[in-house]
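S.K.: Dropping a structure here in structure tokens format, bear with me for questions.
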Amino acid sequence: MNEATSNTCGLLVNLNGQTEYFQFQWSLNPHLLPNGGTIDLLFQRAPPPAREISSPYRDETPDLIKYLPDQESHEFETIAAEKAPDVFGFITQALQTLVTASSDACSAFKMLVPTVDGYISRSDAVTMRMNGCILVDEARSFTSPLQQVKALPSDLGSVEIFDLCASALGGVRVRASNPKDAQLRLQQLEAEFINRLSFDWISSIPLSVKRLAFVQGRADAEGSIAMWEAARNLGIALVIFDAEGHWLQDPKWSDYREAFVPTDIMPDEKLPERLISAIRSYGKPFHGIMTVSDSRLAAVARAAEQLGLTTNPPEAYDIAGDKFLTRKLEPSISESFECTSAEHIHNRIANAETQPLRFPLLVKPCTGWGSECVSRVENEAMLLEAVEKACSRHQGSVFKATGCVVEPYISGPEFDANFVLFDGEIVFFQIADDYPSRGDSGSTDSAANCDFLETQVVSATQLPAEEQAIIREQIHASILRQGFKSGVFHCEGRVRDSAVEFRTNTSTGHMELVSVVTGSPQRPSAYLIENNARTPGYMVSSLARLTYGIDYFAIQMLCALGPEEIARFKAMATPFRNGAQYYSMVQYCGVQWEQSMAASMTMRDFEPVETFLRPHPPGLLVRAPYIFSSSSSHYEGLAALENS
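Sequential numbering from 0 applies to the sequence shown in numbering that gives the first Met the number 0.
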């Protein structure tokens, strides 16, 4: 706490009918951020004053009374807590814990107040961006979506302290056990506020509610709730288009959407027409349309184009959604080929003019997601088996592409590269390390034992800086070649001829990225596996939100709403100034046998994992895992581990 600007007074608080007394110190930093200042508050228990406070209130004592304990007359001032119940509720809730705490205990807060006029870009900005800060016990946002705010006077010292508090847009309760510790933490939080809140969380441009058509409402609440909360906090009116009986149709979820429109969203050729008809029949104007469903991206883009809404070209989504069309645009196309049956492989092997097959190879359906039917093969027998499996994946379905791609297996480290683009330029870029799968170890028995279902994803990356720059440049070029200009793109790839590799540390037993034993003479290059032209999956998106303060779902929604939301789009794509706040990991818990999984299962049921996590400083925060069912018995559990 800044001693030069600090002030002290007494505070009488009515807690559950009991009168409690506190000493209260405060200090101001009016110019900490370009758009906001801060108030530091420090509370300690205090004995009742020697002279009784005389109050004119006969029937009811106000909840909060400020007084000057050193004055003989004990002049007091009633605090109008009802004008800002969220703010003062946050404070009194903490004060209640002090009543039974030790005599040197304290409660400290840093409150954020506006120093510019404008509109709240995202109502939970303080809560979201302070998440994970080790100096903070709790963060609160006190604003509503799109709320208009007025700048406080430039001289904050001229404003009564509790009037300043009532104007707070958000605040944090400091993690501290005594006043000395609290003052140190409040000083340290100055840097954290600058790091986390140096973006346009107050918009100078007037904001208004925009209506967004959201196609396919996701499988369940637990795996999507952050998406719907983001829309609400951005002031976006969501209209969900999905099949009759979807869980979002239930009235209990009405807080998260304006309406639910039952619609046949089968991803066939007629889907754009059905969406256009449903949207035009709604009776209110739409400002955008989007989906995060791979199989519906192109159809939604075609509907958007005909409705005059913002979109990338539908043809770009056609390319990104087809693994062979994607490969044809890459420099490495000569190493790959498309086939539609095992007979095609027999003919290729028999043709002396074709290039001999060089194992190991990778086989994957032209259309697919979630690493389904992706196999590494070591010989011709495995190749034939894998091709049959991949080509049969979509037979008899609505998908046209029933062929598969055969391409070289790249042994370098796998990565997820997430891009936020606007008009072709990179606004935000992030890499996560994708740890080896079963398929990376190889098997000569059966392609079924060489799948590429994910195991772990860690952010931020440990790849060398040079290779990060190569990924940024080359994968960005791949996205542009496909025809995309703006939005969020979740790309997967491998570093060819990398200077590092995944290897098990013999001392710890953990997989790590370490220098290769024998380096390649070739310069590293980025090999694109696929461009998922949408936000990353729910759990990987959670990594970016925790690690960088970036919410991909919010950014994509704003992008879909078009030119009027460009400023907010760019503001939401602003990461923490200091980069990643820590390493975060998603751990996928694979199931290797056919069996039912208890819906109530959590990480607490994984006792060996819990035992491993407990002794590792600074500690792994174990979030309740997202348990889901799948047609693949291998892939039924997922848990997020956030390294704090």
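Glycine included, every Cβ here is placed at the ideal spot set by N, Cα and C.
From a predicted model like this one, the values you see are computed outputs, not experimental measurements.
To the nearest angstrom, how far is it from the Cα of Leu-14 to the Cα of Ala-107?
M.R.: By one-based count along the sequence shown, residue 14 stands at place 15. By one-based count along the sequence shown, residue 107 stands at place 108. Between Leu-14 and Ala-107, the C-alpha separation is close to 18 angstroms.
S.K.: How about Val-515 and Ala-532: do their beta carbons lie closer than 8 angstroms?
M.R.: Against the sequence shown, residue 515 aligns to sequence position 516. Against the sequence shown, residue 532 aligns to sequence position 533. No, Cβ-Cβ distance for Val-515 and Ala-532 is not below 8 angstroms.
S.K.: Can you tell me whether Pro-562 is helix, strand or coil according to DSSP?
M.R.: Here residue 562 corresponds to residue number 563 of the sequence shown, with the count starting at 1. The answer is helix: DSSP assigns Pro-562 an H, G or I state.
S.K.: Are Arg-139 and Phe-89 closer than 8 angstroms when you measure CB to CB?
M.R.: Stepping through the sequence shown from its first residue, residue 139 is reached at position 140. Stepping through the sequence shown from its first residue, residue 89 is reached at position 90. Yes. Within cutoff.
S.K.: Specify, as a first and last residue, the run of the beta strand (DSSP E) that Cys-164 falls within.
M.R.: The residue you call residue 164 lines up with position 165 of the sequence shown. Premise fails: Cys-164 lies in the alpha helix (DSSP H), 160-165, not in any beta strand (DSSP E).
S.K.: Select from Pro-330, Glu-342, Arg-279 and Trp-227 the residue whose C-alpha is nearest the C-alpha of Trp-252.
M.R.: As a first step, residue 252 must be located in the sequence shown, where it is residue number 253. Of the listed residues, the one whose Cα sits closest to Trp-252 is Trp-227.
S.K.: Which residue comes first and which comes last in the alpha helix (DSSP H) that contains Arg-210?
M.R.: To locate residue 210, count along the sequence shown from 1; it is residue 211. From DSSP, Arg-210 is part of no alpha helix (DSSP H) but of the beta strand (DSSP E) over 209-214.
S.K.: Keeping to the same chain, check which residues put their C-beta closer than 6 angstroms to that of Phe-605; ignore five residues upstream and five downstream.
M.R.: What you label residue 605 is simply residue 606 of the sequence shown in a count that begins at 1. Because the pLDDT of Phe-605 is 48, which lies under 50, any placement of that residue in the model is unreliable, and the question is left without a value.
S.K.: Assign Met-265 to one of three DSSP states: helix, strand, or coil.
M.R.: Within the sequence shown, numbered from 1, the residue matching residue 265 stands at position 266. Looking at Met-265 - three-state DSSP - the assignment turns out to be coil, as it is neither helix nor strand.
S.K.: Can you tell me the Cα-Cα spacing of Leu-512 and Ser-436, whole angstroms?
M.R.: Mapped onto the sequence shown, residue 512 falls at position 513. Mapped onto the sequence shown, residue 436 falls at position 437. So the alpha carbons of these two residues sit roughly 14 angstroms apart.
S.K.: Going by C-alpha distance, which of Leu-41, Ile-565, Leu-308 and Thr-460 is nearest Ala-543?
M.R.: On the sequence shown, residue 543 is found 544 positions in, with the first residue counted as 1. With distances taken between Cα atoms, Ala-543 lies closest to Thr-460.
S.K.: Please list the terminal residues of the continuous beta strand (DSSP E) segment that includes Arg-195.
M.R.: Walking along the sequence shown from the start, residue 195 turns up at place 196. Careful: Arg-195 lies outside any beta strand (DSSP E), inside the alpha helix (DSSP H) at 178-196.
S.K.: When you compare the segment 212-220 with the segment 273-293, are there three or more beta-carbon pairs, one atom per stretch, that lie closer than 8 angstroms?
M.R.: In short, these stretches touch, since the Cβ pair count reaches three.
S.K.: Assuming Leu-306 and Ile-275 form a contact by the criterion Cβ under 8 angstroms, report the distance between their Cβ atoms to the nearest whole angstrom.
M.R.: Indexing the sequence shown from 1 puts residue 306 at position 307. Indexing the sequence shown from 1 puts residue 275 at position 276. At roughly 6 angstroms, the Cβ-Cβ gap stays under 8 angstroms, so Leu-306 and Ile-275 are in contact.
S.K.: Apply the 10 Å Cβ neighbour rule to Pro-330 and answer buried if 16 or more other Cβ atoms are within range, or exposed otherwise.
M.R.: Counting from 1 along the sequence shown, the entry for residue 330 is found at position 331. By the neighbour-count rule (16 or more Cβ atoms within 10 Å), Pro-330 is not buried but exposed.
S.K.: Quick check for students: name the residue ranges of the beta strand (DSSP E) that lie wholly in the segment 105-157, counting only runs of 3 or more.
M.R.: DSSP runs (the beta strand (DSSP E)) wholly in the segment 105-157: 105-113, 117-119 and 135-140.
S.K.: Can you tell which of Leu-557, Ser-541 and Thr-573 has its C-alpha closest to the C-alpha of Asn-130?
M.R.: In the sequence shown, counting from the first residue as 1, residue 130 sits at position 131. Closest option to Asn-130, Cα to Cα, is Ser-541.
S.K.: Under a Cβ-count criterion, where at least 16 other Cβ atoms within 10 Å of its own Cβ denotes burial, should Gly-438 be classed as buried or exposed?
M.R.: Position 439 of the sequence shown holds residue 438. Burial call: buried.
S.K.: Mark His-393 as exposed unless 16 or more other C-beta atoms lie within 10 angstroms of its C-beta, in which case mark it buried.
M.R.: Here residue 393 corresponds to residue number 394 of the sequence shown, with the count starting at 1. His-393 comes out buried.
S.K.: In this structure, what does DSSP give as the bridge partners for Cys-490?
M.R.: Taking the sequence shown and counting its residues from 1, the one referred to as residue 490 is at position 491. Cys-490 is bridged to Ala-416 and Asn-530.
S.K.: Considering only C-alpha positions, which residue in the set Ile-201, Lys-65 and Glu-189 is nearest to Asp-162?
M.R.: Sequence index remark: in the sequence shown, residue 162 carries index 163 (1-based). Per the Cα distances, Lys-65.
S.K.: Checking 8 angstroms against the spacing of the C-beta atoms, do Asn-232 and Ser-485 come in under that value?
M.R.: In the sequence shown, residue 232 corresponds to position 233, counting from 1. In the sequence shown, residue 485 corresponds to position 486, counting from 1. Not a contact, by the Cβ cut-off of 8 angstroms.
S.K.: Taking one C-beta from the segment 519-528 and one from the segment 349-356 each time, how about it: are there three or more such pairs within less than 8 angstroms?
M.R.: Result no; under three Cβ-Cβ pairs closer than 8 angstroms.
S.K.: Which value, in whole angstroms, describes the spacing of the CA atoms of Asn-6 and Pro-33?
M.R.: Counting from one through the sequence shown, the residue named residue 6 turns up at place 7. Counting from one through the sequence shown, the residue named residue 33 turns up at place 34. Whole-angstrom Cα-Cα distance: 25 angstroms.
S.K.: Under a three-way DSSP split, which group does Glu-243 fall into?
M.R.: Here residue 243 corresponds to residue number 244 of the sequence shown, with the count starting at 1. If DSSP states are grouped into helix, strand and coil, Glu-243 belongs with coil.
S.K.: Under a Cβ-count criterion, where at least 16 other Cβ atoms within 10 Å of its own Cβ denotes burial, should Pro-412 be classed as buried or exposed?
M.R.: Here residue 412 is taken as the residue at index 413 of the sequence shown, counted from 1. Buried is the call here.
S.K.: Name the DSSP beta bridge partners of Gly-411, please?
M.R.: Position 412 of the sequence shown, counting from 1, holds the residue named residue 411. Per DSSP, none; premise fails for Gly-411.
S.K.: Looking only at its chain, what residues have a beta carbon closer than 7 angstroms to the beta carbon of Ala-3, apart from the 5 residues adjacent to it on each side?
M.R.: Indexing the sequence shown from 1 puts residue 3 at position 4. In this prediction, Ala-3 scores a pLDDT of 41, lower than 50, which makes its location untrustworthy; no coordinate-derived value is stated.
S.K.: Which residues does DSSP list as the beta-bridge partners of Gly-9?
M.R.: As a first step, residue 9 must be located in the sequence shown, where it is residue number 10. Its beta-bridge partners are Gln-22 and Tyr-66.
S.K.: For Val-426, collect the residues of the same chain with a Cβ closer than 7 angstroms to its Cβ; drop the 5 residues on either side in sequence, then sort them by chain order.
M.R.: On the sequence shown, residue 426 is found 427 positions in, with the first residue counted as 1. Answer for Val-426: Val-419, Leu-420, Lys-569 and Ala-572, listed in chain order.
S.K.: Thinking Leu-361 and Tyr-434 are a contact (beta carbons under 8 angstroms), I'd like their distance in whole angstroms, please.
M.R.: Position 362 of the sequence shown, counted from the first residue, corresponds to residue 361. Position 435 of the sequence shown, counted from the first residue, corresponds to residue 434. Going by Cβ atoms, the distance from Leu-361 to Tyr-434 rounds to 17 angstroms, so no, they are not a contact pair.
S.K.: Do you know how far the Cα of Ser-26 is from the Cα of Thr-325?
M.R.: Counting from 1 along the sequence shown, the entry for residue 325 is found at position 326. Counting from 1 along the sequence shown, the entry for residue 26 is found at position 27. Thr-325 and Ser-26: Cα-Cα distance of roughly 58 angstroms.
S.K.: When DSSP labels each residue in this structure, what does Gly-173 get in the three-state scheme?
M.R.: Residue numbering aside, residue 173 sits at position 174 when the sequence shown is read from its first letter. For the record, residue 173 in the displayed sequence is Val; it is not Gly. Reduced to three states, the DSSP call for Val-173 is strand.
S.K.: Would you be able to state if there are at least three C-beta pairs under 8 angstroms between the segment 166-180 and the segment 81-99?
M.R.: With the cut-off at 8 angstroms, the segment 81-99 and the segment 166-180 touch.
S.K.: Does Ile-425 come out as helix, strand or coil in the three-state DSSP assignment?
M.R.: Your numbering for residue 425 matches position 426 in the sequence shown. It is a strand residue.
S.K.: Within its chain, find whatever has a CB closer than 7 angstroms to the CB of Arg-576; leave out the 5 residues flanking it on each side and keep chain order.
M.R.: Along the sequence shown, read from residue 1 onward, the residue named residue 576 stands at position 577. Excluding sequence neighbours, Arg-576 sits near Ile-193, Asn-194 and Ser-197.
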